[in-house]
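Okay, so the sequence shown: first residue is 34 according to my numbering, each after it adds one.
Every residue gets a Cβ at the ideal spot worked out from N, C-alpha and C, and that includes glycine.
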Amino acid sequence: WETDRDEDERQHEVCVTAFEIGKDEVTVGEFKRFVEATNHRTDAERNVGGHEGCFAWSAIDVKGAWRAGIDWRKPGFTQRDNYPVVCVSWNDAMAYTVWLNRETGQSYRLPTEAEWEYAARAGTTTARYWGQDPDQACSYANVADQTKGPEGLGWTEKHECNDGYWYPAPVGRFRANNWQLNDMLGNVWEWTCSLYDKDYGGAEKKCIKKN
Numbered sequence: 034w035e036t037d038r039d040e041d042e043r044q045h046e047v048c049v050t051a052f053e054i055g056k057d058e059v060t061v062g063e064f065k066r067f068v069e070a071t072n073h074r075t076d077a078e079r080n081v082g083g084h085e086g087c088f089a090w091s092a093i094d095v096k097g098a099w100r101a102g103i104d105w106r107k108p109g110f111t112q113r114d115n116y117p118v119v120c121v122s123w124n125d126a127m128a129y130t131v132w133l134n135r136e137t138g139q140s141y142r143l144p145t146e147a148e149w150e151y152a153a154r155a156g157t158t159t160a161r162y163w164g165q166d167p168d169q170a171c172s173y174a175n176v177a178d179q180t181k182g183p184e185g186l187g188w189t190e191k192h193e194c195n196d197g198y199w200y201p202a203p204v205g206r207f208r209a210n211n212w213q214l215n216d217m218l219g220n221v222w223e224w225t226c227s228l229y230d231k232d233y234g235g236a237e238k239k240c241i242k243k244n
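Printed below as a string of structure tokens:
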């Protein structure tokens, strides 16, 4: 039995073939080069999908919500080129991979959900790749912890440690998993190419075909 597993995360067996994956989250600097080369405007900048801005956490109310005026350039906190890019939609992530392939001559894509979880676990069977001890979280990931936000507020559900970051941390700041992949848990969310299916009917092994 895996602790902290949600109802739509039933355990099941999936086979994945060999693949390679980037060891870090895509950074602000990397995404900036893509935007400068293509003049791409993100969904958050264009208010696509009936929302203004992007879904973000705020230090003012410690809640996640759609927030107008927030995008990858102005996420609501100070960031540098070595920070993970945020406020990027699935469409934006797909556009980035198309550009990257054209620039490098490679065949990059987003991982499937099954590939991402396989990489995140790095050969472990526990809910977190560092083991069952929640007090180790701050050594391996930027998590909800004892760190206070700039408004002096803290997380309501938190780890009993302090990783020093309330907002995202620069990539690679914490200990990697057993396969030397950084920030596979915590920091910011990552996209996969798979369609969400709570029943796991095989969607987790496939990529959505972009129209």
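For residue 89, the enclosing beta strand (DSSP E) has its first and last residue at 87-90. DSSP places residue 70 in the uninterrupted alpha helix (DSSP H) bounded by 61-71. The three-state secondary structure of residue 224, taken from DSSP, is coil.
Following the DSSP letters along the chain, one finds residue 98 inside the beta strand (DSSP E) bounded by residues 97-100. Within a 10 Å sphere around the beta-carbon of residue 149 sit 16 or more other beta-carbons, which makes this residue buried. 118 is the residue among 118, 44 and 114 whose C-alpha sits nearest the C-alpha of residue 89. Close CB contacts of residue 227 within its chain, under the 8 Å cut and outside five residues either way in sequence, are with 145, 146, 147, 236, 237, 238, 239, 240 and 241 (chain order). In the DSSP annotation of this structure, residue 208 is not part of any alpha helix (DSSP H), being labelled neither H nor E.
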